[in-house]
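Protein chains in written order, with the working numbering: chain Y, 1 to 564; chain C, 565 to 1128.
Below: one structure, written as structure tokens.
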């Protein structure tokens, strides 16, 4: 057998993974990796934490688990992978199967033949096409250079005011990093909500929390960057507001880098990424593509999406690396778009479909529910979690989950990701056998309790109303009874103050005479998390009230202001 | 419809849950709960943490999430459940459908008719039938009284030496609690290993860690408790050793309380628990049973097991509570025996089949593998996890997982529990879409990496050898080359010292001439976690070595002593 010649374009995550896996499959293949930047295998998702001072040694972003910097020498010695850094691929001839490249420092050019080519060209941050974008003090957080730049600002401590443009994952992570450096942050987002993978109510709960750390401006974009002597002095928003600042970080999403692929005649999809099959193969038989430059199959909707996540990049790289050596033996099935981020001391995550995403895909036969509880017992310092679930009304399959709060969000999202990938029904989830001991979870884990709430709704035991729906009724001045069923001390300490009356659950049966005579009056019940609210609703229904709804998630899922 | 009369016997976990769920299904049912102890709805799994001083307010063990003690008044006011505490059921007439009871304080007797009965009589700790068992200073940790007794000892600080008998979950949790009180502990276990839900190698890793906190004596039992003036002064073991101590905690398992059920003609299973169907119904149509007194279907083997876990008790209670009101509408499918415990600063958990358990069930067509890695990046203070996986060789379904270490074991076990309940294959798990961000996981989560290792083994890419197998070969003085492929500084800091040579992975290709001429010689490779060990093995095979094995899990899964 002739020696296989493999060329990989791109050296961040997916590329090195594909090259390394290929090497494991074939010690004798000739593998070359071409990388535009100076670094290899960067842990780019770690940049915000380096900037934020979670650690000081920059090399940790470039290290193998054994603590060795993954440079060209490492790749050659440990993996016999020839890496060409600071090298740009200028052209690929897919007929002759040849890659042309140029060293960005020396200008030296060359070419390499390939039997199989892997494109892992990543994505580039979008920048708003507005005046002043070239000023000093405007950056993204996508490269080691960006991370170095921001870390220096953080260490110098000179800059006091910054604007972060974009309320997505990277924007919010950047907020945290700069906040930790003592910088006063204004976060500007074009859309009416932060973190668009969340539905509005969940996003508002995050927003309320972020506002305790930073200024948040929604539904506004950058009209211009203002400057003096080439240096940023402020940001002018589309509504005319000017925010003085010495630093602006742009994080309004990324665009797949597909220029090279397009020039080769490779099919580009509607979401702007390279189209690949389940083997990570493009329409050119010998060309594979992986990572942030490709589109991926959404396993729930069947629609192609752009999902630039570091974990998927690695998994795709592994599949492609094996297939280029062994033929198409391994498949990458797709994504359910699982994502998570740290928002100061909150975790915020989502997996499967959000309600907004379901609607965009014309999926309407769903039920939603909110649940709030601790992640473990109060006596073990349990911390709050709020979950929104989405399930199909007919098949009762779980379609999506969003979780946020100071509690253990990582575990919750992992559980739901597994449930959704396995097409689990709500009813199956109701009896899941999960690990329980007080240091780790409640006896009924928050995820299972969330499934219980959804089952109660699907079974018709619980009629829910969410905060938005209730707010709408309040606006319309609908005639209704608002009923908080907590204890008086809880009511004193915290309450919505939207006209509710307090009847503690334990007194409800004895105080039915205080309720409206007209048993068709709408009654909305709640407590802190709406477990007692649910019990109250069941009691009222059993006494003939026909229109009783539970405010889902109770006070803990209320995204608007409270009286107390 | 006539008012339904429900009687529930037992008020710890499953009983109250069944009663509460029944109430939610039917506001007008007459529900009575009879409880032998003085307390209701105790968070009994929290006792070790109360004893260990994780919290001081005893009421927290008895509280609702809203902080209200769940006493008889609470149950009546909030749930209209009539509770009779300190009351023992003396007899049930299943023909007349009547329960006879007696108040343990007043001696008052009475009886109640029922339409549906729920038995939730729990389990009783085993005690060794040896001389001295009645001495003062010997306790279990199963009741509030036990917890009070041990907490007082912990607070008093007088007792300096204790023996814990039984190296299971409760035994080890008790060790930790008493250790935190500054008490010198000796843990005595009859079997050759701690925590029998683990396989030996995993148990030895736990044991090595526990030995840094307590004395551990295996394969030994209690022959007698020694005392003076009715007070414990020591424990005499079966091998004659005497251990002076003022306190002994017995935690050698529990026996289902089935006397009452048996007297009613209810079928008792081979594992000593009440036999129920998937509706939690006994062989008597109107009698259901839930919690620690029942046997449960193991979903993998189909065999009935006794699985006295607090989470299952709650889920069973919920199912029974609904079925006694609505007819048999809900099912409890069974268990995969998921369990977890905190062992000082380690988490230790298991789900599905262990290798030992597979063998006991005549399941032999399996592959096992070990994997060690951090739970999140080193720069985010990632902590070690060691996983042992079990998968079917033919179907490639995941059968079991054991995880331990200072890392986030709870999430790992939850992921595997979901995978196993959903009959996932190793290959499906290899591309799982789990939440990734550096504060929460590695880019390739430890669970997925473990699946990758298993896939490599199943695909024949990796020949593994575990620590026990290697130890066996060492004993036989098998001719082989032992090859550590880490860096010299790592080797200096820590090494097995079993005759290995060091050739760092990066130098391996250049130093092949140092390897045995006979290419059929057994070569065993490893590194810290055996990722580099695996790469080394692939290199050696590609150069014609026919018998290369990777020491699975590397140094991190080595359960024996190390030279350094």
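We treat Cβ as the ideally placed atom computed from N, Cα and C, and that holds for glycine.
ask   = What is the DSSP secondary structure of residue 926 of chain C, counted as helix, strand or coil?
value = coil
query = Would you say residue 1094 of chain C reaches chain Y, if we count a Cβ-Cβ gap shorter than 8 Å as a contact?
reply = no
query = So the beta strand (DSSP E) residue 436 of chain Y belongs to, where does it begin and stop?
reply = That residue, residue 436 of chain Y, is in no beta strand (DSSP E); it is neither H nor E in DSSP.
inquiry  = Here's a check: name, in chain order, each residue in its chain whose Cβ is nearer than 8 Å to the Cβ of residue 1186 of chain C, leaving out the five neighbours to either side.
reply    = Given a span of 565 to 1128 for chain C in the structure shown, any question on residue 1186 of chain C remains unanswerable.
query = Who are the neighbours of residue 535 of chain Y on chain C, taking C-beta pairs under 9 Å?
reply = Among the residues of chain C, those whose CB is under 9 Å from the CB of residue 535 of chain Y are 584, 587, 588, 642 and 643, following chain order.
task = Consider the Cβ of residue 1004 of chain C: report whether some Cβ of chain Y lies at a distance smaller than 8 Å.
result = yes
message = Threshold first: 3 residues or longer. Then list the beta strand (DSSP E) segments lying entirely within the stretch 734-777 of chain C, N to C.
response = 748-752
key: Exposed unless 16 or more other CB atoms sit within 10 angstroms - verdict on residue 203 of chain Y   = buried
key: Proximal residues, the stretch 903-919 of chain C versus chain Y, C-beta separation under 9 Å   = 903, 904, 905, 906, 911, 913, 914 and 915
ask   = Name the residues in the stretch 118-146 of chain Y whose C-beta lies less than 7 Å from a C-beta of chain C; which are they?
value = none
query = Comparing the C-beta of residue 335 of chain Y with each C-beta of chain C, is any distance below 8 Å?
reply = yes
Closer than 8 Å to chain C by CB, residue 487 of chain Y = yes
task = Please name the residue in Y:517, Y:532 and Y:308 whose C-alpha comes closest to that of residue 503 of chain Y.
result = The candidate whose alpha carbon is nearest that of residue 503 of chain Y is Y:532.
key: Under 8 Å between C-beta atoms of residue 337 of chain Y and residue 280 of chain Y   = no
ask   = Looking at the structure shown, is residue 1131 of chain C part of a helix, part of a strand, or coil, going by DSSP?
value = An answer regarding residue 1131 of chain C cannot be provided, because it is not within the stretch 565 to 1128 covered by chain C.
message = Beta-carbon within less than 7 Å of residue 412 of chain Y's beta-carbon, same chain only, minus the 5 sequence neighbours each way: which residues are those?
response = 385, 387, 403, 446 and 447
key: N- and C-terminal bounds of the alpha helix (DSSP H) containing residue 74 of chain Y   = Segment 72-79, the alpha helix (DSSP H) holding residue 74 of chain Y.
inquiry  = Does any residue of chain C have a CB that is nearer than 8 Å to the CB of residue 314 of chain Y?
reply    = Yes, residue 314 of chain Y lies at the interface with chain C (some Cβ there is under 8 Å from its Cβ).
message = Whole angstroms are fine: how far does the CA of residue 731 of chain C sit from the CA of residue 758 of chain C?
response = 5 Å
ask   = Which of the three DSSP states, helix, strand or coil, is assigned to residue 332 of chain Y?
value = Three-state result, residue 332 of chain Y: coil.
task = Please go through the same chain and pick out, in chain order, the residues whose beta-carbon is closer than 8 Å to the beta-carbon of residue 314 of chain Y, but skip the five residues on each side of it.
result = Excluding positions up to five away in sequence, the list reads 13, 14 and 17.
inquiry  = For a cutoff of 8 Å on Cβ pairs, would you count residue 61 of chain Y as touching chain C?
reply    = yes
ask   = From what residue to what residue does the alpha helix (DSSP H) around residue 257 of chain Y run?
value = Taken as a continuous stretch (DSSP letters only), residue 257 of chain Y belongs to no alpha helix (DSSP H), as it is neither H nor E.
Same chain, Cβ closer than 6 Å to residue 322 of chain Y, neighbours up to 5 away in sequence not counted = 21, 25 and 330
query = Going straight from the alpha carbon of residue 1023 of chain C to that of residue 1118 of chain C, what length do you get?
reply = 20 Å
Reduced DSSP category for residue 1006 of chain C - H, G, I as helix; E, B as strand; rest coil = coil
request  = Determine the burial state of residue 229 of chain Y: buried for a count of at least 16 other Cβ atoms within 10 Å of its Cβ, exposed for fewer.
outcome  = exposed
ask   = With 8 Å set as the bound, which would you pick, yes or no: does the beta-carbon of residue 377 of chain Y sit closer than that to a beta-carbon of chain C?
value = yes
key: Cutoff 8 Å: residue 781 of chain C Cβ touching any chain Y Cβ   = Taking Cβ atoms only, chain Y never reaches closer than 8 Å to residue 781 of chain C, which makes this a no.
CB contact flag (residue 583 of chain C, residue 856 of chain C, <8 Å) = no
request  = Counting only runs of 3+ residues fully inside the stretch 105-176 of chain Y, write out the beta strand (DSSP E) ranges in chain order.
outcome  = 109-113, 116-119, 123-125 and 161-165
message = Three Cβ pairs or more, each shorter than 8 Å: is that satisfied between the stretch 951-966 of chain C and the stretch 980-994 of chain C?
response = yes
query = Can you tell me whether residue 172 of chain Y is buried or exposed, with buried defined as 16 or more other CB within 10 angstroms of its CB?
reply = buried
message = Let me make sure I understand the geometry here. Which of C:619, C:883 and C:898 has the alpha-carbon closest to that of residue 546 of chain C?
response = No statement about residue 546 of chain C is possible, as the shown extent of chain C runs from 565 to 1128 and does not include it.
ask   = With a CB to CB cut of under 8 Å and the five nearest residues on each side skipped, what residues in its chain are close to residue 208 of chain Y?
value = Taken in chain order, the residues that qualify are 559.
request  = Report the three-state DSSP secondary structure of residue 305 of chain Y (helix, strand or coil).
outcome  = Here residue 305 of chain Y sits in strand by DSSP.
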